[in-house]
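In what follows, a single structure is set out as structure tokens and then discussed.
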Amino acid sequence: MIAKYAKDQPEGFVNRIQRVAIVGAGGQLGRHITEELLKTGQHTITAVTRARGDSTFPEGVIPAAVDYTDESALVSALKGQQFLIITLPHDATPETHANIVEAAGKAGVPYIMPNIYTGDIVVNNKSLGDEVMLGQKLRPIVEHIEQVGKSSWTVLVTSLWYEFSLACPPDWFGFDVAKREVTFFDDGERKINTSSWPFIGKTVAAFLSLKELPENENDDSLTVSSFQNKPLYTSSFFISQRDMLDSIHRVSGTSDKDWTIKKEATSKRVADGQALLATGDLRGLARMYYSRMFFPGTEGTYQDKLHTKTLGLPEDDLDQATKRALAMVESNWRPM
Numbered sequence: 003m004i005a006k007y008a009k010d011q012p013e014g015f016v017n018r019i020q021r022v023a024i025v026g027a028g029g030q031l032g033r034h035i036t037e038e039l040l041k042t043g044q045h046t047i048t049a050v051t052r053a054r055g056d057s058t059f060p061e062g063v064i065p066a067a068v069d070y071t072d073e074s075a076l077v078s079a080l081k082g083q084q085f086l087i088i089t090l091p092h093d094a095t096p097e098t099h100a101n102i103v104e105a106a107g108k109a110g111v112p113y114i115m116p117n118i119y120t121g122d123i124v125v126n127n128k129s130l131g132d133e134v135m136l137g138q139k140l141r142p143i144v145e146h147i148e149q150v151g152k153s154s155w156t157v158l159v160t161s162l163w164y165e166f167s168l169a170c171p172p173d174w175f176g177f178d179v180a181k182r183e184v185t186f187f188d189d190g191e192r193k194i195n196t197s198s199w200p201f202i203g204k205t206v207a208a209f210l211s212l213k214e215l216p217e218n219e220n221d222d223s224l225t226v227s228s229f230q231n232k233p234l235y236t237s238s239f240f241i242s243q244r245d246m247l248d249s250i251h252r253v254s255g256t257s258d259k260d261w262t263i264k265k266e267a268t269s270k271r272v273a274d275g276q277a278l279l280a281t282g283d284l285r286g287l288a289r290m291y292y293s294r295m296f297f298p299g300t301e302g303t304y305q306d307k308l309h310t311k312t313l314g315l316p317e318d319d320l321d322q323a324t325k326r327a328l329a330m331v332e333s334n335w336r337p338m
């Protein structure tokens, strides 16, 4: 286990995270984390990737191609790393994540950020997480890290990804950008937390630029170790569907008269999503989860828990994030 204070570390100890391994460094989210970490100039980054993968990485990233089922290869790639960030695609098996965690334990990696980048529904609000059928999938990831007992976890709570969700079909944020159609959930005015990909990357970079440990018992500054087995909260925007549409108007020069705007009860969308999912259509999961996050009440929001100001992060730019989402639509991007 890591000693609590820097003063108790052996001579030569450097009180910051220097060596970071990222699984999925070339993926949708992982590449933004990688890019922002590189900008700090403080970290040596190893990209752990599948042996037969075709990802490319920015200059300065050390590639380590491994078979995720080969424990000895994983242990070798992770040996000496101080912090492991796991970002895996939606279709990755639970066994893949488990293999990586177990290898990290054997390699002596003290900190893990697991493949959980979503709303505040895993560590807290567990009933909400179960209701949208994600808690049952994601909670075992945290439990497994604890069972292995060699590393601590830090879950990065991002809520819904902004560009991704806006560019997705209407089952997500209710928008069909290409057709200029939107379905407001209830009146479209309820606000939720949402994060852009670059801002998530900036959050991780700022977090891993903190001191690793407090200097002594009188040092109450924020450190990486402050978040051992705790969530870290980030969010670019606290906005409504109405705010999103207004941003689209500013970016594209449109107005409400150019769009078809419908309204639908949030409760109906949740029920419809459940019915669709029961047929095996995964769009039902998106419709149920996203609509449920817009329910009346505050259980899905976490404005009062944010660590962004403490980390010194600047405000994100909504219209720039919207521009990126519109560009994704124009390029015929597909979520899966």
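Just so we're aligned: the sequence shown equals residues 3 to 338 in this note's numbering.
Where a beta carbon is used, it is the ideal one built from N, C-alpha and C, also for glycine.
Classify residue i: buried if its beta carbon has 16 or more other beta carbons within 10 angstroms, exposed otherwise.
i: I1; result: The requested residue 1 does not occur in the structure, where the chain is confined to residues 3 to 338.
i: W1; result: In the structure as shown, the chain starts at 3 and stops at 338, and residue 1 therefore has no counterpart that could be examined.
i: F15; result: exposed
i: S223; result: exposed
i: L284; result: exposed
i: G252; result: Note on residue identity: the sequence assigns Arg, not Gly, to residue 252. Classification for R252: exposed.
i: W155; result: buried
i: E214; result: buried
i: D10; result: exposed
i: W335; result: exposed
i: M3; result: With a pLDDT of only 48 at M3, under the threshold of 50, the placement of this residue in the model should not be trusted; the figure read from the coordinates follows. When all chains shown are included, M3 counts as exposed.
i: R54; result: exposed
i: P233; result: buried
i: D321; result: exposed
i: G62; result: exposed
i: N231; result: exposed
Would you list the residues sitting across from residue i in a DSSP beta bridge?
i: S355; result: Limits of the chain in this structure are 3 at one end and 338 at the other, which puts residue 355 out of reach.
i: D178; result: E183
i: V125; result: V125 pairs with nothing; no bridge assigned.
i: P233; result: V157
i: I241; result: I194
i: I64; result: T48
i: R21; result: T46
i: M330; result: M330 is not bridged to any residue.
i: I114; result: L86 and W155
By DSSP, does residue i sit in helix, in strand, or in coil?
i: M135; result: coil
i: T46; result: strand
i: A27; result: coil
i: V86; result: The amino acid at residue 86 is misidentified as Val; the sequence shows Leu. L86: strand per DSSP, three-state reduction.
i: K311; result: coil
i: K213; result: strand
i: T324; result: helix
i: M3; result: Note on M3: pLDDT 48, under 50, position unreliable in the model; no value is reported.
i: T36; result: helix
Sufficient close CB pairs (3 or more, under 8 Å) joining the segment 283–302 to the segment 217–232: no
Indicate whether the contact test is met: 3 or more Cβ pairs, each with one atom in the segment 137–146 and one in the segment 178–190, closer than 8 Å. no
Cβ pair count under 8 Å reaching 3, the segment 131–141 against the segment 203–211: no
Looking at C-beta atoms only, is the number of pairs between the segment 236–252 and the segment 193–201 that lie closer than 8 Å three or more? yes
Give the list of continuous beta strand (DSSP E) stretches no shorter than 3 residues that lie fully inside the segment 246–305. 262–266
Three CB pairs or more closer than 8 Å across the segment 110–124 and the segment 264–284: no
Mind the definition here: the segment 167–183 touches the segment 303–319 only if three or more C-beta pairs lie below 8 Å; say whether that holds. no
Can you confirm whether the segment 30–37 touches the segment 84–102 when touching is taken to mean that 3 or more C-beta pairs between the two stretches lie within less than 8 Å? yes
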